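Residue 187 is where the sequence shown starts when you use my numbering, and the numbers rise one by one after that.
The C-beta atom is built at its ideal place from N, Cα and C for all residues, glycine as well.
As the structure is a prediction and not an experimental result, all values here were calculated from the model.
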Amino acid sequence: MSKNSQKPTIVKYDFANPVIPISKKKIPALDFIHQLFITHLKSELPEQIATQVTFLKGEQQRVTRFRSWINDISQPVVISVIDSNVGGRMAMISDSVFNFEMMGSMLGSSDKKINEISSDKFQAPTKLEHTLFLKIHQNLIKPLTSSWRRAYPLQLKVLKIETNPKLLTLLEPSSVIIISTLKFKMHNGKDGHFSLLYPYQLLERPEVLAGLKQLSESL
Numbered sequence: 187m188s189k190n191s192q193k194p195t196i197v198k199y200d201f202a203n204p205v206i207p208i209s210k211k212k213i214p215a216l217d218f219i220h221q222l223f224i225t226h227l228k229s230e231l232p233e234q235i236a237t238q239v240t241f242l243k244g245e246q247q248r249v250t251r252f253r254s255w256i257n258d259i260s261q262p263v264v265i266s267v268i269d270s271n272v273g274g275r276m277a278m279i280s281d282s283v284f285n286f287e288m289m290g291s292m293l294g295s296s297d298k299k300i301n302e303i304s305s306d307k308f309q310a311p312t313k314l315e316h317t318l319f320l321k322i323h324q325n326l327i328k329p330l331t332s333s334w335r336r337a338y339p340l341q342l343k344v345l346k347i348e349t350n351p352k353l354l355t356l357l358e359p360s361s362v363i364i365i366s367t368l369k370f371k372m373h374n375g376k377d378g379h380f381s382l383l384y385p386y387q388l389l390e391r392p393e394v395l396a397g398l399k400q401l402s403e404s405l
């Protein structure tokens, strides 16, 4: 072998975290459903949160894997595991600003300093906070269910609340998901957001997929 010969490149393969290309695509019909959802929230949220809420343009729809999404979460969140009538589960995720503003409205005042909350300071919710978080997400499910009727009569029910993403066992780590994030600004100047997590396997159920395709064709 000549001195100028290059040594073969050795590529290490991580069997625990394989890099598998994602062939799934974004689903435009979801954008329409979520715009209907926002329309419902524009009229309902101000009454619940006692302040004007403005939703920002540019809904972010992202296709990723469940493991990657979990690892990317860096802020305190409240996650509701949601059951459906098609045999699959999804999730709704709300940030600390939204959660405590809503909770403060329910209690008459907020006992949390929202701006001081960070991932290293956020503690497990008290029993009262857990109950209120559950109520908040149950209230959000109602307009979401109504918005889905244009595509498919999806029936949704909150099963439980989780505040530690690492303990969420909703899906297999490699499962492909779609995350749709809705950002908003409140009249008091605070920004917030919440997201909807759809497992691709739920959206690919024949009856759901047919409804989404029909909705897309009618737009």
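Beta strand (DSSP E) segment containing residue i, residue limits
i    : result
S270 : V263 to S270
S291 : Where S291 is concerned, there is no enclosing beta strand (DSSP E), although the alpha helix (DSSP H) it sits in stretches over S282 to L293.
Same chain, Cβ closer than 8 Å to residue i, five either side skipped, listed in chain order
i    : result
I219 : S333, W334, R336, A337 and L401
P351 : I256, I259, V263 and I265
I208 : At I208 the pLDDT is 49, less than 50, meaning the model places this residue with poor confidence and gives no usable figure here.
I224 : F241 and L368
K150 : The question about residue 150 has no answer here: the residues shown for the chain are numbered 187 through 405.
Bounding residues of the alpha helix (DSSP H) (the contiguous stretch that carries residue i)
i    : result
P329 : K313 to W334
L405 : Note, L405: premise wrong, no alpha helix (DSSP H); not H, not E.
Q387 : Y386 to L389
Cβ shell of residue i (< 7 Å), same chain only, five flanking positions each side left out
i    : result
E315 : M289
P214 : S402
N285 : V264, F319 and I322
For residue j and residue i, the rounded distance between their alpha carbons
i    : j    : result
V272 : L345 : 15 Å
R391 : G294 : 43 Å
L320 : I347 : 6 Å
P311 : T349 : 8 Å
L357 : R251 : 10 Å
H226 : S381 : 16 Å
E393 : N374 : 42 Å
Cut-off 6 Å between Cβ atoms - residues of its own chain near residue i, not counting five sequence neighbours on either side
i    : result
Y384 : M276 and I364
K343 : D269
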